[in-house]
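This report concerns only the one structure given below.
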Amino acid sequence: MKKKFVSIMTLMSMLSVAVLSGCGKSNAGAKAGSAGELYVYNWGEYIDESVVEEFEKETGIKVVYDMFETNEEMYPVLEAGGVVYDVVCPSDYMIEKMIQNDMLAEIDFNNVPNIKNIDTKYMDMAKSFDPENKYAVPYTWGTVGILYNTSMVDDEITSWSDLWNPKYQGNILMQDSVRDAFMVGEKLLGYSMNTTDKAELEKVKEKLIEQKPLVQAYVIDQVRDKMIGGEAAIGVIYSGEMLYVQNEVANSGEDFELKYVIPKEGTNLWIDAWVIPKNAKNKENAEKWIDFLNRPEIAKKNFEYITYPTPNKAAFELLDKELQENTALFPTDDMLKNSEVFKYLGDEGDSLYNDLWKEVKGK
Amino acid sequence: MNKDLRKVLAFPYILWMIGFTIIPLSLIFIYGLTDRSGSFTLSNVLSIFAKDHFKALLLSIILSIVSTAICLVMAFPLALTLKSKKLNKGSLIVFIFILPMWMNFLLRTLAWLSLLEKNGIINTILNFLHLPSLNIINTPAAIILGMVYNYLPFMVLPIYNVLEKIDDNTINAARDLGANTMQTLTRVIIPLSIPGIVSGITMVFVPALTTFVISNILGGSKVLLIGNVIEQEFTKGSNWNLGSGLSLVMMIFILISMAFIAKYDKDGEGMSV
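One line per chain: the protein sequences are A and B, in this order.
One point on numbering: in the UniProt record's numbering, the residue at position 170 of the first sequence is 170, and numbering is uninterrupted.
One point on numbering: in the UniProt record's numbering, the residue at position 66 of the second sequence is 66, and numbering is uninterrupted.
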């Protein structure tokens, strides 16, 4: 669940994709475009661009690549249908909403033989939003957890309640997205993160308001730069960002480390998956795309670039042992026992969360 | 010019207006005045009176008024100096003043973030000099700073423009008739520069009122302005109807400003830069 706040990078990568695909056209073995087109809609910075290039070269399909920043921004674009995309990569609860609204086409798995590379564990996980595994092929998965700076935090961080510790006043970074912020409060109070019970949500709201004076800022992608720069002691972050920030700190020569913890109360277990919209014009190409991305070596290359955990078992087996054993990235089942996958709450539920979130932000 | 030719020449502009002003505006009206199922409702517009929205609106108004006032206080003396130096528009000082505007607005605001941060450039320097650090990041003060920095040129240029057009003889005449410097300023220069001041005020106030980028970046998203509420409805809430309804309310403020300009700046003096 990659969130992009400032679109400069997106813009730059968009330009470079355009340039890359331009190059692909001129020197491709199979002439790009000769096998039709493919309209891809993905999160910003969520693919190794050379993978797109390789796909174009090999298949002769011309890829038109667009990016979005949030699921909520992506949905109306698809719904309005101004541009018809062939393959899209939303998150769990948004896929559930799209299935409910009959917007997705069933994938013909005969055209996606590499589906066998995906660990059945993740196909089972995907059943929470795609009960019969008919519509979605997992692309990345992960957790939301706490990242902390070892030089500024001397306690052992284990729980969401550490984000309410007055000791860290002004040094806490929270996620600036409704569901993730509420998830933190819900898990802390022992509720389901898919609750729509008004009384429970009011309590979560109070809890978040209580936390607000301690919070330095509500951020999305900025959490990375702020943690790398030592601006804050403790922040809520996606597990996929962890390797990137840890490497940056190691390379900067600073004398602190950033540690990632999955809180004991459980967390948001998320999956981003490829789906094919019902109105797609190039469904077969979309299936070729999904199949291509699930080749072990391609999935590995992609993982190394975006560092979001891959559900591809064959790719996982190609990784260094050190990475395979990194439980912050690939947690054990035991570490995930209290975690849940987001469900779509309906327009009513969404509005309820939004209104309460505005109350928190307006305090 | 004959009438037919004029029609032909106006055609591209009319097409532009229809495509990029009239159709989008109509869409905002349609979304703003309907609910999710598409039936007519005023609830999106009236929701401005909901507690959180109204509070965000009030806070936006307060921050915008403060920023506009600071801009005015800074811009008027600057414009006077520029005039008294007999600088023309091509001069270096005016050029330097406009130069930052060539850089992207977002980048300039992000630059302030790295300046103001706890371990930012300003605090590193202050710490080096053993001075107390500056802690305004993620507060309304940082938002006001961002607004003043970004919108100051919009205040200076219209005022400078009007001042430049005041004939020196008018000022000399006031002096000849016995007015001292203060009287010349308050009874001749300021009244004559009202059109520029009014344009400047609206050109700062309106964008400051509706900003969401500055409050997101420099306010750490801890300060909810009406622009943030609208942005949230579009990008996170998927509720275009409510977002459009609130946008319609903001349009009322723009209309009020336009009415002000029409009243005080009849010849559009302040607007031509």
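Using N, Cα and C, we set each Cβ at its ideal position, and we do this for glycine too.
None of the values given here were measured: they were computed from a predicted structure.
{"Asked": "So which of A:Glu186, A:Asp86, A:Ser177, A:Tyr135 has the shortest CA-CA distance to glutamate 72 of chain A?", "Found": "A:Ser177"}
{"Asked": "Grouping DSSP H, G and I as helix and E and B as strand, with all else coil, what is glutamate 248 of chain A?", "Found": "helix"}
{"Asked": "Are there three or more Cβ pairs, one per stretch, closer than 8 Å when the segment 256-270 of chain A is compared with the segment 180-198 of chain A?", "Found": "yes"}
{"Asked": "Between the segment 192-223 of chain A and chain B, which residues of the former have a C-beta closer than 8 Å to a C-beta of the latter?", "Found": "Lys212, Val215, Gln216, Ala217, Tyr218, Val219"}
{"Asked": "Just mark histidine 130 of chain B as buried or exposed, buried being the case when its beta carbon has 16 or more other beta carbons within 10 Å.", "Found": "exposed"}
{"Asked": "At what residue ranges does the segment 171-232 of chain A contain a whole run of the alpha helix (DSSP H), taking only runs of 4 or more?", "Found": "178-188, 198-211, 222-228"}
{"Asked": "Any idea what DSSP makes of leucine 356 of chain A, helix, strand or coil?", "Found": "helix"}
{"Asked": "Would you mind listing the alpha helix (DSSP H) stretches within the segment 39-127 of chain B that are 4+ residues and don't spill past its ends, in chain order?", "Found": "43-46, 51-84, 92-98, 105-116"}
{"Asked": "Alpha carbon to alpha carbon, how far is leucine 78 of chain B from alanine 208 of chain B? Give it in angstroms, no decimals.", "Found": "21 Å"}
{"Asked": "Measuring straight from C-alpha to C-alpha, what distance separates tyrosine 308 of chain A and threonine 140 of chain A?", "Found": "6 Å"}
{"Asked": "Is asparagine 285 of chain A closer than 8 Å to glycine 36 of chain A when the C-beta atoms are compared?", "Found": "yes"}
{"Asked": "Counting only beta-carbon atoms, is aspartate 176 of chain A nearer than 8 Å to chain B?", "Found": "yes"}
{"Asked": "Pop quiz: leucine 248 of chain B and phenylalanine 29 of chain B are said to be a contact at Cβ under 8 Å. What is the actual Cβ separation, rounded to whole angstroms?", "Found": "7 Å"}
{"Asked": "At the 8 Å Cβ level, is tyrosine 344 of chain A part of the contact set with chain B, yes or no?", "Found": "no"}
{"Asked": "Provide the residue span of the alpha helix (DSSP H) that contains alanine 141 of chain B, from first to last.", "Found": "140-165"}
{"Asked": "Buried or exposed: where does isoleucine 125 of chain B fall if 16 or more other Cβ atoms within 10 Å of its Cβ makes it buried?", "Found": "exposed"}
{"Asked": "Note down, in chain order, every chain A residue with its Cβ under 9 Å from the Cβ of glutamate 231 of chain B.", "Found": "Chain A residues near glutamate 231 of chain B: none, gap ~11 Å exceeds 9 Å."}
{"Asked": "Between leucine 113 of chain B and the rest of its own chain, which residues show a CB-CB distance below 8 Å, the 5 nearest in sequence each way excluded?", "Found": "Gly120, Ile137, Ile217, Leu218"}
{"Asked": "With DSSP run on the structure shown, which of helix, strand or coil describes lysine 300 of chain A?", "Found": "helix"}
{"Asked": "Taking the beta strand (DSSP E) that lysine 62 of chain A falls in, what are its first and last residues?", "Found": "62-68"}
{"Asked": "If you measure beta-carbon to beta-carbon, which residues of the segment 199-221 of chain B are closer than 9 Å to chain A?", "Found": "Asn216, Ile217, Gly219, Gly220, Ser221"}
{"Asked": "Answer yes or no: does any C-beta atom of chain B fall closer than 8 Å to that of threonine 158 of chain A?", "Found": "no"}
{"Asked": "Using a Cβ-Cβ cutoff of 7 Å, what residues of the segment 131-165 of chain B are near chain A? List them in chain order.", "Found": "Asn138"}
{"Asked": "Between the segment 65-79 of chain A and chain B, which residues of the former have CB atoms less than 8 Å from a CB of the latter, in chain order?", "Found": "Glu69, Thr70, Glu72, Glu73, Tyr75, Pro76"}
{"Asked": "Using only the alpha-carbon positions, how far apart do isoleucine 122 of chain B and arginine 224 of chain A sit?", "Found": "21 Å"}
{"Asked": "Using a Cβ-Cβ cut-off of less than 7 Å, list which residues of the segment 224-247 of chain A approach chain B; keep chain order.", "Found": "Gly229, Gly230, Glu231"}
{"Asked": "What's the call for aspartate 333 of chain A, buried or exposed, on a 16-neighbour Cβ count within 10 Å?", "Found": "exposed"}
{"Asked": "Pop quiz: leucine 147 of chain A and methionine 98 of chain A are said to be a contact at Cβ under 8 Å. What is the actual Cβ separation, rounded to whole angstroms?", "Found": "No, leucine 147 of chain A and methionine 98 of chain A are not in contact; Cβ-Cβ is about 31 Å, not under 8 Å."}
{"Asked": "I need the boundaries of the alpha helix (DSSP H) containing proline 12 of chain B, first residue and last residue.", "Found": "3-17"}
{"Asked": "Which residues in chain B sit within 8 Å of asparagine 354 of chain A, going by Cβ to Cβ distance?", "Found": "Gln232, Glu233, Lys236, Gly237, Asn239"}
{"Asked": "Within its chain, find whatever has a CB closer than 7 Å to the CB of glycine 22 of chain A; leave out the 5 residues flanking it on each side and keep chain order.", "Found": "Confidence in glycine 22 of chain A is poor, its pLDDT being 43 and thus under 50, which makes the residue's placement too unreliable to answer from."}
{"Asked": "On the criterion of 16 or more Cβ atoms from any shown chain inside 10 Å, does tryptophan 102 of chain B qualify as buried, or is it exposed?", "Found": "exposed"}
{"Asked": "Verify the CB distance criterion: does asparagine 119 of chain B have a CB-CB separation below 8 Å to chain A?", "Found": "yes"}
{"Asked": "At a CB distance below 8 Å, what residues from the segment 318-352 of chain A approach chain B? Give them in sequence order.", "Found": "Asp347, Asp350, Ser351"}
{"Asked": "Please name the residue, chosen from B:Phe49, B:Lys118, B:Ser64, that lies closest to tyrosine 149 of chain B on a Cα-to-Cα basis.", "Found": "B:Ser64"}
{"Asked": "Tell me, please, which residues DSSP counts as bridged to threonine 140 of chain A.", "Found": "A:Asp272"}
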